[in-house]
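Residue numbers (the working numbering): 3 to 93.
Yeah, the Cβ is synthetic: ideal placement off N, Cα and C, and Gly gets one too.
Model, not experiment: these values are computed from the prediction.
Report on one structure; see the data block that follows.
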Amino acid sequence: TVMIVDDSLTVRKITSRLLAREGYQVMTAKDGADALEQLVAMIPDVLLVDIEMPRMDGFEFTRNVRADQRLQRIPIIMITSRTADKHRQYA
Numbered sequence: 003t004v005m006i007v008d009d010s011l012t013v014r015k016i017t018s019r020l021l022a023r024e025g026y027q028v029m030t031a032k033d034g035a036d037a038l039e040q041l042v043a044m045i046p047d048v049l050l051v052d053i054e055m056p057r058m059d060g061f062e063f064t065r066n067v068r069a070d071q072r073l074q075r076i077p078i079i080m081i082t083s084r085t086a087d088k089h090r091q092y093a
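Structural data, given as structure tokens:
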């Protein structure tokens with residue numbers, strides 16, 4: 003199962019369709035806060051996380067996941083349209 007965490011509805015829909023077509027189960031969340039609420043009920047195998055989102059951005063979400071014993075081993079792939087080295091290095 004893959005969870006896509008992105009505030010863009012378009013990104014969530016397109017990525018979900020591509021992954022589902024390849025046989026993956028997909029969960030989606032509109033931001034980090036929404037994702038944390040969903041992670042109470044189900045733990046995915048991997049997280050695809052946008053960096054810039056309202057309410058809780060990808061970096062804060064990642065800190066929350068890494069601080070939680072149940073979730074800290076989930077692989078996280080950060081996604082962004084930003085090209086600055088500072089975003090890449092921090093991710």
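Just to confirm, does residue i get its C-beta within under 8 Å of one of the non-hydrogen atoms of the ligand PLP?
i	result
residue 45	In terms of ligand content, the structure shown is empty, and the ligand PLP therefore cannot be addressed.
According to the Cβ coordinates, are residue i and residue j closer than 9 Å?
i	j	result
residue 56	residue 5	no
residue 51	residue 64	yes
residue 53	residue 80	yes
residue 21	residue 73	no
Taking only the alpha-carbon atoms, compute the straight-line gap between residue i and residue j and give it to the nearest angstrom.
i	j	result
residue 13	residue 43	23 Å
residue 10	residue 68	24 Å
residue 70	residue 36	16 Å
residue 18	residue 32	13 Å
residue 61	residue 27	24 Å
residue 23	residue 3	13 Å
What does residue i pair with, by DSSP beta-bridge criteria?
i	result
residue 30	6
residue 45	Per DSSP, none; premise fails for residue 45.
residue 81	52
I'd like the list of long-range same chain contacts for residue i, defined as Cβ closer than 6 Å, with 5 residues on each side in sequence excluded.
i	result
residue 75	none
Can you tell me whether residue i is buried or exposed, with buried defined as 16 or more other CB within 10 angstroms of its CB?
i	result
residue 25	exposed
Near residue i, which residues of its chain fall below 8 Å by C-beta distance, leaving aside the five closest residues on each side in sequence?
i	result
residue 16	none
With a threshold of 7 Å on Cβ separation, who are the neighbours of residue i within its own chain once the five nearest residues in sequence on each side are excluded?
i	result
residue 59	34 and 53
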